[in-house]
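Only one structure is covered here, and it is reproduced in the block below.
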Amino acid sequence: MNNWRDEVGKDISDHLEAQINESTKYKEAYEQAPDKGNAQLWVAIATISKQVFDLNLRIKYLEILLKDFDRKIKDSNNELQNEMKEIEKSIKNFTDIGKDIEDYARDSSINLEPKIEEEQIAEIKYDKKKEEPEIKTKPKIKGKKVIKKKNKSKKFIHKRFIGKKNKRRSLAKVLRKF
């Protein structure tokens with residue numbers, strides 16, 4: 025024996041079961057009614073009407089929230105636009121000041137970019153050569169090691185480090201003795 029619920033499409037079968045379960049809550053009321061089928065239909069209609077009413081309340085609440093949110097966005101956009109206008113005005117003032125300075129410089133024939141002439145460059149190069157002349161002297165021989173002098177600077181070489189017998193020691197070993 026086939027149940028009539030099996031013949032209902034799958035897209036509404038879940039909803040049908042939910043409505044049937046909801047309508048079984050009022051079983052005592054159906055028994056008192058002269059036409060039980062008619063009473064069940066009216067109870068089903070009432071539960072659906074209640075669900076629609078609840079959904080409408082939720083939708084109205086969401087609409088109010090969206091309107092409020094939209095108003096806040098418009099207010100913040102207006103504030104941002106006002107701030108942008110103020111920034112544009114200040115930038116325009118700065119560019120106007122810059123143009124005034126450039127115009128003044130052109131009118132008064134002041135050259136803002138310093139130019140170095142070739143003669144000045146040659147003098148600077150000549151002065152640098154004069155400051156540090158390179159002095160070349162003959163090398164001196166100490167022991168068997170040759171020491172060269174440049175620019176009047178002397179290299180100090182201890183006697184221990186000259187010759188084949190004494191090997192060079194590391195800096196750490198030399199410093200330990202002091």
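Following this note's numbering, the numbering of the sequence shown begins with 25 at its first residue and continues without gaps. Even glycine gets a Cβ: it sits at the ideal position worked out from N, Cα and C.
Any non-hydrogen atom of the ligand GDP closer than 7 Å to L89 Cβ: Annotation note on the ligand GDP: not contained in the displayed structure, which lists no ligands.
Separation of T119 from D131, as counted between CA atoms: 18 Å
Burial state of V76, where buried means 16 or more other Cβ atoms lie within 10 Å: exposed
Segment limits, alpha helix (DSSP H) that includes R29: Counting along the chain, R29 falls outside any alpha helix (DSSP H), and DSSP gives it neither H nor E.
Cut-off 6 Å between Cβ atoms - residues of its own chain near A57, not counting five sequence neighbours on either side: A63
Assumed close pair A68, Q105 - CB separation to whole angstroms, cut-off 8 Å: Between Q105 and A68 the Cβ distance is about 55 Å, and since that is not below 8 Å, they are no contact.
For D59, three-class secondary structure by DSSP: coil
Own chain residues within Cβ distance below 6 Å of V32, not counting five before or after: L40
Distance between K113 and K91 (C-alpha atoms, nearest Å): Cα to Cα, the separation comes out at about 33 Å.
Alpha-carbon to alpha-carbon, S37 and S47: The C-alpha of S37 is placed about 15 Å away from the C-alpha of S47.
Simplified DSSP assignment, three categories, for E141: coil
Where the alpha helix (DSSP H) through E34 begins and ends: The residue asked about is misnamed: residue 34 is Lys in this sequence, not Glu. It spans K34 to S47 - the alpha helix (DSSP H) in which K34 sits, taken as one unbroken run.
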